[in-house]
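One structure below.
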Amino acid sequence: MTDLSMPQTQTRTQSATGKIALRWLLYVLLGLFALYYLMPLFVMLTTSLKSLEEIRTGSLISLPREVSFEAWKTAWSGACTGIQCEGLRPYFWNSVLIAVPAVALSTLLGALNGYVVAQWRFKGANIIFSLMLFGCFIPFQVVLLPMARLLGMMGIAGTIPGLIFVHVIYGLGFTTLFFRNYYVTIPAELTKAARVDGAGFLRIFWSIFLPLSLPIIVVTVIWQFTQIWNDFLFGVSFSQAGTQPVTVALNNIVNSTTGVKEYNVDMAAAIIAGLPTLLVYVVAGKYFIRGLTAGSVKG
């Protein structure tokens with residue numbers, strides 16, 4: 043018995059050792075990929091903390107010999123975006139004023155649309171949903187001229203409300219898709235029972251569907267916030283001086299520098315412009331994954 047059991051024990055030990063080796067190999071590969079992916083951010087951060095003299099004489103990937111936040115101060119409140127040298131600060135708050143209402147409105151309207159299409163069946167509902175879904179795949183460039191004319195007719199061209207309107211309209215297809223796919227598998231009997239008890243359209247939506255929607259709301263908010271904050275084309279096309287978002291200001295800072303190129307200021311400005319979306323994913327990234335998983339399981 044002892045002689046027969048020894049080969050089995052050795053086989054199990056070898057198998058366990060092989061699994062551990064493969065696991066560590068996987069961890070090493072993932073670590074290398076993560077380092078490769080994070081290297082640009084590392085270079086941006088270290089460059090933003092260096093002086094121009096150190097940037098010229100030092101290595102691209104070296105740590106700063108003397109940490110300086112002067113480039114960050116300049117990028118926030120002193121960098122020139124053309125003839126004005128106000129930094130990113132006013133444009134950063136423009137982006138906040140654009141993103142927050144646009145995300146809230148597109149999420150609410152998408153939830154209502156998804157609720158109607160998924161639970162309140164009516165003639166032509168699938169056609170309307172298909173048309174809205176088709177709108178998700180229309181390139182930005184196609185809608186520039188029609189949207190510009192519409193904004194002019196409404197009298198909100200070149201304004202922050204105009205940009206909010208653009209982002210809400212363009213994001214409505216995505217938000218409707220997210221909520222419709224989430225709501226479609228919620229039992230219709232729940233709606234029927236509520237209607238029997240006298241609940242109306244809005245009451246059912248507010249008291250039953252919204253409390254169940256937290257995972258997909260998180261997904262939608264993160265998606266919409268990222269798309270709106272990082273948008274450049276709509277921002278540069280439908281804004282004017284004083285209403286431009288931070289992405290347009292960042293482009294102007296990088297391309298309007300005269301004399302000595304201030305790479306540290308450019309890097310600091312790029313990090314400042316991308317910091318809100320980075321923080322959103324760091325803080326709510328796990329909820330984003332949970333929301334996607336919940337939606338996929340329900341769908």
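In our numbering, the protein residues as written are 43 to 341. We put the CB at the ideal spot given by N, CA and C, even for glycine.
Practice task
Classify residue 162 as helix, strand or coil using the three-state DSSP reduction.
Solution key: By one-based count along the sequence shown, residue 162 stands at place 120. In this structure, residue 162 counts as coil in the three-state DSSP scheme.
Problem - Cα-Cα separation between residue 148 and residue 214, rounded to whole angstroms - result: Along the sequence shown, read from residue 1 onward, the residue named residue 148 stands at position 106. Along the sequence shown, read from residue 1 onward, the residue named residue 214 stands at position 172. Spanning the two alpha carbons is a distance of roughly 6 Å.
Practice task
Tell whether a beta-carbon distance below 8 Å holds between residue 314 and residue 87.
Solution key: In the sequence shown, counting from the first residue as 1, residue 314 sits at position 272. In the sequence shown, counting from the first residue as 1, residue 87 sits at position 45. Not in contact: residue 314 and residue 87 (Cβ atoms no closer than 8 Å).
Handout entry: Length of the line joining the Cα atoms of residue 341 and residue 94
Key = Residue mapping note: residue 341 aligns to position 299 of the sequence shown, counting from 1. Residue mapping note: residue 94 aligns to position 52 of the sequence shown, counting from 1. Legend: pLDDT at residue 341 = 42, less than 50; position of this residue unreliable, value from coordinates given subsequently. In a straight line, the C-alpha of residue 341 is about 54 Å away from that of residue 94.
Problem - Length of the line joining the Cα atoms of residue 107 and residue 283 - result: Taking the first residue of the sequence shown as 1, we reach residue 107 at position 65. Taking the first residue of the sequence shown as 1, we reach residue 283 at position 241. Their Cα atoms are separated by approximately 39 Å.
Problem - Assigned secondary structure, residue 95 (DSSP; H/G/I helix, E/B strand, else coil) - result: In the sequence shown, the residue the question calls residue 95 occupies position 53. Helix, per DSSP.
Practice task
Determine the DSSP secondary structure at residue 270, reduced to helix, strand or coil.
Solution key: Walking along the sequence shown from the start, residue 270 turns up at place 228. Looking at residue 270 - three-state DSSP - the assignment turns out to be helix.
Problem - Backbone CA spacing between residue 205 and residue 290 [nearest angstrom] - result: Position 163 of the sequence shown, counting from 1, holds the residue named residue 205. Position 248 of the sequence shown, counting from 1, holds the residue named residue 290. Distance between the alpha carbons of residue 205 and residue 290: 13 Å.
Handout entry: For residue 241, three-class secondary structure by DSSP
Key = If you number the sequence shown from 1, residue 241 lands on position 199. Coil at residue 241, not helix or strand.
Problem - Among 224, 232 and 277, the one whose alpha carbon lies nearest that of residue 261 - result: On the sequence shown, position 219 is the one that residue 261 refers to. Closest by alpha carbon: 224.
Handout entry: residue 271 beta carbon less than 8 Å from that of residue 318
Key = Here residue 318 refers to the residue found at position 276 of the sequence shown. Here residue 271 refers to the residue found at position 229 of the sequence shown. The answer is yes: Cβ separation under 8 Å.
Practice task
Measure the C-alpha to C-alpha separation of residue 330 and residue 256 and round it to an integer number of angstroms.
Solution key: Locating residue 330 in the sequence shown gives position 288, counting from the first residue. Locating residue 256 in the sequence shown gives position 214, counting from the first residue. Rounded to the nearest angstrom, the two C-alpha atoms are 11 Å apart.
Practice task
Look up residue 43 in the DSSP assignment and say whether it is helix, strand or coil.
Solution key: Position 1 of the sequence shown, counting from 1, holds the residue named residue 43. The predicted position of residue 43 is uncertain, since its pLDDT is 45 and thus under 50; a value taken from the coordinates is nonetheless stated next. It is coil, neither helix nor strand.
Practice task
Would you identify the three-state DSSP class for residue 261, choosing helix, strand or coil?
Solution key: As a first step, residue 261 must be located in the sequence shown, where it is residue number 219. If DSSP states are grouped into helix, strand and coil, residue 261 belongs with the helices.
Problem - Among 101, 328, 326 and 320, the one whose alpha carbon lies nearest that of residue 80 - result: Residue numbering aside, residue 80 sits at position 38 when the sequence shown is read from its first letter. When only C-alpha atoms are compared, the closest one is 320.
Practice task
Inspect the CB distances between the stretch 301-310 and the stretch 103-122 and report whether three or more fall short of 8 Å.
Solution key: yes
Practice task
Within the same chain, show all residues whose beta-carbon is closer than 8 Å to that of residue 97, passing over the 5 residues directly before and after it, in chain order.
Solution key: Within the sequence shown, numbered from 1, the residue matching residue 97 stands at position 55. If we look at residue 97 and ignore the five residues flanking it on each side, its Cβ neighbours are 89, 305 and 306.
Exercise for the section: Compute the minimum distance between the beta carbon of residue 204 and the heavy atoms of the ligand FAD, and state whether it is under 7 Å. Expected result: As for the ligand FAD, it is missing from this structure, which has no ligand bound.
Exercise for the section: Could you check if residue 251 is buried or exposed, using at least 16 other CB atoms within 10 Å of its CB as the buried criterion? Expected result: Working through the sequence shown from its first residue, we reach residue 251 at position 209. Buried.
Exercise for the section: Pull up the distance between the alpha-carbon of residue 286 and that of residue 120, whole angstroms please. Expected result: Within the sequence shown, the letter at position 244 stands for residue 286. Within the sequence shown, the letter at position 78 stands for residue 120. Their Cα atoms are separated by approximately 17 Å.
Problem - Same chain only: Cβ atoms within 7 Å of residue 230, ignoring 5 sequence neighbours per side - result: Your numbering for residue 230 matches position 188 in the sequence shown. Taken in chain order, the residues that qualify are 161.
Handout entry: Meets three-Cβ-pair contact criterion under 8 Å: the stretch 235-246 and the stretch 170-189
Key = no
Handout entry: Option nearest residue 156 by Cα separation, candidates 76, 185, 279 and 227
Key = The sequence position of residue 156 within the sequence shown is 114, counting from 1. Nearest option by C-alpha distance: 227.
Problem - DSSP-derived helix/strand/coil call for residue 108 - result: Working through the sequence shown from its first residue, we reach residue 108 at position 66. Note: residue 108 maps to coil in three-state DSSP.
Exercise for the section: Return yes when the Cβ of residue 326 is within less than 8 Å of the Cβ of residue 258, no when it is not. Expected result: For the purposes of this step, residue 258 is taken as residue 216 along the sequence shown, with counting starting at 1. For the purposes of this step, residue 326 is taken as residue 284 along the sequence shown, with counting starting at 1. Contact flag unset, no.
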